[in-house]
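Mapping to UniProt numbering: the sequence shown position 180 is 180, numbers consecutive.
Don't be surprised by glycine CBs; every beta carbon is placed ideally from N, CA and C.
As structure tokens, the structure follows; a few thoughts come after it.
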Amino acid sequence: MTGPWRGPVLVTGTDTDVGKTVVTAAIAAAAQAAGLRVAVVKPAQTGTAGGEPGDVDAVNRLAAPLTGRTLASFPDPLAPLAAARVAELAPLELHTAVDAVHEEADKHDLVLVEGAGGLLVPMGLWPEGKPWTVADLAVELGCPAVVVTRAGLGTLNHTALTLEALERRAVPAGVVVGAWPAAPELVHWANLTDLVPKLLGALPAGTGAMDPGVFRRSASGWLTPTLYGVLDDWRAWAEEIS
Numbered sequence: 001m002t003g004p005w006r007g008p009v010l011v012t013g014t015d016t017d018v019g020k021t022v023v024t025a026a027i028a029a030a031a032q033a034a035g036l037r038v039a040v041v042k043p044a045q046t047g048t049a050g051g052e053p054g055d056v057d058a059v060n061r062l063a064a065p066l067t068g069r070t071l072a073s074f075p076d077p078l079a080p081l082a083a084a085r086v087a088e089l090a091p092l093e094l095h096t097a098v099d100a101v102h103e104e105a106d107k108h109d110l111v112l113v114e115g116a117g118g119l120l121v122p123m124g125l126w127p128e129g130k131p132w133t134v135a136d137l138a139v140e141l142g143c144p145a146v147v148v149t150r151a152g153l154g155t156l157n158h159t160a161l162t163l164e165a166l167e168r169r170a171v172p173a174g175v176v177v178g179a180w181p182a183a184p185e186l187v188h189w190a191n192l193t194d195l196v197p198k199l200l201g202a203l204p205a206g207t208g209a210m211d212p213g214v215f216r217r218s219a220s221g222w223l224t225p226t227l228y229g230v231l232d233d234w235r236a237w238a239e240e241i242s
């Protein structure tokens with residue numbers, strides 16, 4: 001897997017709450033430190049009823065990308081298509097998202113497109129009314145995908161299923177561990193070994209709470225050169241932070 005990746009890059013996950021937003025911020029920080037113009041696009045943000053900051057707000061705080069955009073927001077913490085239906089709001093149309101990403105790609109070197117939940121979560125509707133997913137978005141954009149995964153038990157199956165779905169769609173993909181524990185157990189070490197062939201990075205647990213300046217200075221050390229980092233020895237890295 002050669003790099004570095006440029007243009008649109010999808011950031012998806014094996015599930016919700018696996019660390020997609022923090023990984024997006026880390027890639028943005030590393031790329032900007034390498035001199036790239038970076039945009040972050042969140043096609044659909046849910047759970048905004050209480051006025052809490054969204055994922056793009058979190059990325060802006062940690063990495064301060066040149067551009068951050070959320071295309072659609074829905075109040076209920078549901079899959080985006082379901083959230084639109086419950087709120088009686090218009091769902092996001094696939095080509096609206098594609099056009100927005102292309103617009104940013106014309107002005108930036110790297111556009112990170114952060115999904116919602118996992119790869120096949122219903123995001124919105126095609127023009128003919130059929131639901132579309134983040135996988136469909138990756139195919140339409142013709143871009144590679146970063147799959148954010150957990151470190152612990154069950155991650156190998158979830159990761160393999162996601163990677164297989166991407167491979168069937170001819171979408172190049174690599175893996176980033178969203179939160180490597182401070183006290184790893186045998187299962188974490190075993191999983192790390194099995195994930196290494198596809199591994200593009202791993203973030204220490206708790207990085208989202210870091211001071212933004214420290215986060216930006218540290219990000220390249222969590223990622224491989226494909227994602228603008230310097231990481232090349234996984235076991236040494238994991239032992240150093242544990």
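Discussion item. Can you tell me whether residue 167 is buried or exposed? The criterion is at least 16 other CB atoms within 10 Å of its CB, across all chains shown.
Written reply: So residue 167 ends up on the exposed side.
Fill in: 8 Å CB neighbourhood of residue 165 in its chain, flanking five on each side removed
Around residue 165, the same chain offers 119, 120, 135 as residues with beta carbons nearer than 8 Å, after the five sequence neighbours per side are excluded.
Item to complete: Mind reading off the beta-carbon distance from residue 207 to residue 215? Whole number of angstroms is fine, and I expect it under 8 Å.
Response: Between residue 215 and residue 207 the Cβ distance is about 6 Å, and since that is below 8 Å, they are a contact.
Discussion item. Does residue 14 come out as helix, strand or coil in the three-state DSSP assignment?
Written reply: Collapsing the DSSP output to three states places residue 14 in coil.
Worksheet item: How close, in whole Å, do the beta carbons of residue 39 and residue 111 come, if the pair is a contact with beta carbons under 8 Å?
Response: The pair is a contact, with the Cβ atoms about 5 Å apart (cut-off 8 Å).
Fill in: Those residues which DSSP pairs with residue 69 across a bridge
Looking at the DSSP output, residue 69 bridges to 41.
Discussion item. Does the contact criterion of 3 or more C-beta pairs under 8 Å hold for the region 4–15 versus the region 142–151?
Written reply: Counting Cβ pairs under 8 Å, three or more are found: they touch.
Worksheet item: For residue 245, is the classification buried or exposed, using 16 other Cβ atoms within 10 angstroms of its Cβ as the cut-off for buried?
Response: Because the chain spans 1 through 242 in this model, residue 245 falls outside it and cannot be assessed.
Worksheet entry | Proximal residues to residue 69 (C-beta, below 8 Å), its chain only, five neighbours per side dropped | So the list reads 39, 40, 41, 42, 56, 100, 104, once near-sequence residues are dropped.
Fill in: Beta-carbon spacing of residue 181, residue 205 below 8 Å
Yes, the pair counts as a contact, with Cβ atoms nearer than the cut-off.
Worksheet item: Expressed to the nearest angstrom, what Euclidean distance is found between the alpha-carbon atoms of residue 52 and residue 224?
Response: Taking the Cα positions, residue 52 is about 32 Å away from residue 224.
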